[in-house]
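Written below as structure tokens is the structure these notes are about.
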Amino acid sequence: GQQLNQSPQSMFIQEGEDVSMNCTSSSIFNTWLWYKQDPGEGPVLLIALYKAGELTSNGRLTAQFGITRKDSFLNISASIPSDVGIYFCAGPPLIQGAQKLVFGQGTRLTINP
Amino acid sequence: SAVISQKPSRDICQRGTSLTIQCQVDSQVTMMFWYRQQPGQSLTLIATANQGSEATYESGFVIDKFPISRPNLTFSTLTVSNMSPEDSSIYLCSVLRSNTEAFFGQGTRLTVV
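Just so you know, the protein sequences line up as chains V and X, in that order. Each residue of the first sequence is one higher than the last, beginning at 49 in the working numbering. Each residue of the second sequence is one higher than the last, beginning at 84 in the working numbering.
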């Protein structure tokens, strides 16, 4: 089935560094969603993007909806220990209908103090 | 955002038995979604539960193995039947806001021994 290619799969950084991760697809998306999952919890929505080229911020997080509608990236600036977790991109492929989300493989972020 | 409560939060079950997971939402929703997250993996949609009709299952998931109930607009259950160790996963229920933004319960961590 439809999959999203998310990279990198893992990141090991120092506190204070910036982080960048991205997601690509072979098909068009009308919405891109970015989630964070802490251990023992369900994913929590961070940012939702609805328009090609859209750049949206949520505190230290910034995400962009690619012009081709087949990619998106998430940046985290000045990382802090609570940023540790797994980040997922997700979206409803145009061909599958608006309600069915597919998820990227996730980016596991580890921060060294 | 919706408040979604899942029970149990975790369980350890014997192979061959069944476990029913409950999901309660604090507002009425048309569709509820059940996802599986295998260890170290991303989320995969199992089925969509509509009130008043049979659930719609994704490829690779069948009703006999994952029967779903949806008795009203705020509640759903997912049963994992005749469990084997391969069913050890986190099971998550989800609802949509704005037609595409998914919100998740905290998940049920199932271990089959």
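Every residue gets a Cβ at the ideal spot worked out from N, C-alpha and C, and that includes glycine.
Is it buried or exposed, residue i, if we count other Cβ atoms within 10 angstroms and call 16 or more buried?
{"i": "arginine 93 (chain X)", "result": "exposed"}
{"i": "arginine 98 (chain X)", "result": "exposed"}
{"i": "valine 145 (chain X)", "result": "exposed"}
{"i": "threonine 113 (chain X)", "result": "exposed"}
{"i": "threonine 116 (chain V)", "result": "exposed"}
{"i": "glycine 64 (chain V)", "result": "exposed"}
{"i": "phenylalanine 187 (chain X)", "result": "buried"}
{"i": "leucine 179 (chain X)", "result": "buried"}
{"i": "valine 196 (chain X)", "result": "exposed"}
{"i": "phenylalanine 60 (chain V)", "result": "exposed"}
Please state the DSSP three-state secondary structure of residue i.
{"i": "proline 122 (chain X)", "result": "coil"}
{"i": "proline 129 (chain V)", "result": "helix"}
{"i": "proline 70 (chain X)", "result": "The question about residue 70 (chain X) has no answer, for chain X in this structure spans 84 to 196."}
{"i": "valine 145 (chain X)", "result": "coil"}
{"i": "isoleucine 115 (chain V)", "result": "coil"}
{"i": "tyrosine 83 (chain V)", "result": "strand"}
{"i": "isoleucine 95 (chain V)", "result": "strand"}
{"i": "arginine 108 (chain V)", "result": "coil"}
{"i": "asparagine 123 (chain V)", "result": "strand"}
{"i": "isoleucine 76 (chain V)", "result": "coil"}
{"i": "valine 178 (chain X)", "result": "strand"}
{"i": "serine 110 (chain X)", "result": "coil"}
{"i": "proline 141 (chain V)", "result": "strand"}
{"i": "glutamine 147 (chain V)", "result": "coil"}
{"i": "leucine 156 (chain X)", "result": "coil"}
{"i": "valine 199 (chain X)", "result": "Residue 199 (chain X) is absent from the model: chain X starts at 84 and stops at 196."}
{"i": "leucine 193 (chain X)", "result": "strand"}
{"i": "glutamate 184 (chain X)", "result": "strand"}
{"i": "threonine 161 (chain X)", "result": "Checking the sequence shown, residue 161 (chain X) turns out to be leucine, not threonine. If DSSP states are grouped into helix, strand and coil, leucine 161 (chain X) belongs with the strands."}
{"i": "aspartate 66 (chain V)", "result": "coil"}
{"i": "threonine 155 (chain V)", "result": "strand"}
{"i": "arginine 98 (chain X)", "result": "coil"}
{"i": "glutamine 181 (chain V)", "result": "This structure leaves residue 181 (chain V) out entirely; chain V is present only between 49 and 161."}
{"i": "alanine 132 (chain X)", "result": "strand"}
{"i": "serine 92 (chain X)", "result": "coil"}
{"i": "glutamine 57 (chain V)", "result": "coil"}
If you drop the 5 nearest sequence neighbours on each side, which residues of the same chain put their C-beta closer than 8 Å to that of residue i?
{"i": "serine 58 (chain V)", "result": "Thr155, Arg156, Leu157, Thr158"}
{"i": "glycine 135 (chain X)", "result": "Arg153"}
Enumerate in chain order the residues of its own chain whose CB-to-CB distance from residue i is below 7 Å, with the five nearest sequence positions on each side excluded.
{"i": "leucine 193 (chain X)", "result": "Asp94, Cys96, Leu102, Val163, Asp170, Ser171, Ser172, Tyr174"}
{"i": "isoleucine 124 (chain V)", "result": "Asp66, Val67, Arg108, Leu109, Asp131"}
{"i": "proline 150 (chain X)", "result": "Thr162, Ser164"}
{"i": "proline 56 (chain V)", "result": "Met69, Thr155"}
{"i": "leucine 142 (chain V)", "result": "Ser75, Ile76, Phe77, Asn78"}
{"i": "threonine 100 (chain X)", "result": "Met166"}
{"i": "lysine 99 (chain V)", "result": "Phe113"}
{"i": "isoleucine 128 (chain V)", "result": "Glu63"}
Which whole-angstrom value is the C-beta distance of residue i and residue j, which I expect to be below 8 Å?
{"i": "isoleucine 134 (chain V)", "j": "alanine 111 (chain V)", "result": "Actually they do not touch by this definition, with Cβ atoms about 16 Å apart."}
{"i": "threonine 160 (chain X)", "j": "isoleucine 104 (chain X)", "result": "6 Å"}
{"i": "valine 150 (chain V)", "j": "leucine 81 (chain V)", "result": "10 Å between Cβ atoms; not a contact."}
{"i": "serine 214 (chain X)", "j": "glutamine 107 (chain X)", "result": "Residue 214 (chain X) falls outside the range modelled here, since chain X spans only 84 to 196, and no answer is possible."}
{"i": "glutamine 153 (chain V)", "j": "serine 125 (chain X)", "result": "5 Å"}
State yes or no: is the C-beta of residue i nearer than 7 Å to some heavy atom of the ligand SAM?
{"i": "phenylalanine 121 (chain V)", "result": "Of ligands this structure carries none, so the ligand SAM is not represented either."}
For residue i, I'd like the list of residues in its chain whose CB is within less than 6 Å of its CB, leaving aside the five on either flank, ordered along the chain.
{"i": "valine 102 (chain V)", "result": "Correcting the residue identity first, residue 102 (chain V) is glutamate in this sequence and not valine. Same-chain partners within the cutoff: Phe113."}
{"i": "valine 86 (chain X)", "result": "Asp109"}
{"i": "lysine 90 (chain X)", "result": "Gln105"}
{"i": "alanine 132 (chain X)", "result": "Met115, Ala138, Ile151, Arg153, Ser159"}
Practice problem: Examine the Cβ distances between the region 173-187 of chain X and the region 110-118 of chain X and report whether three or more of them are shorter than 8 Å. | Solution: yes
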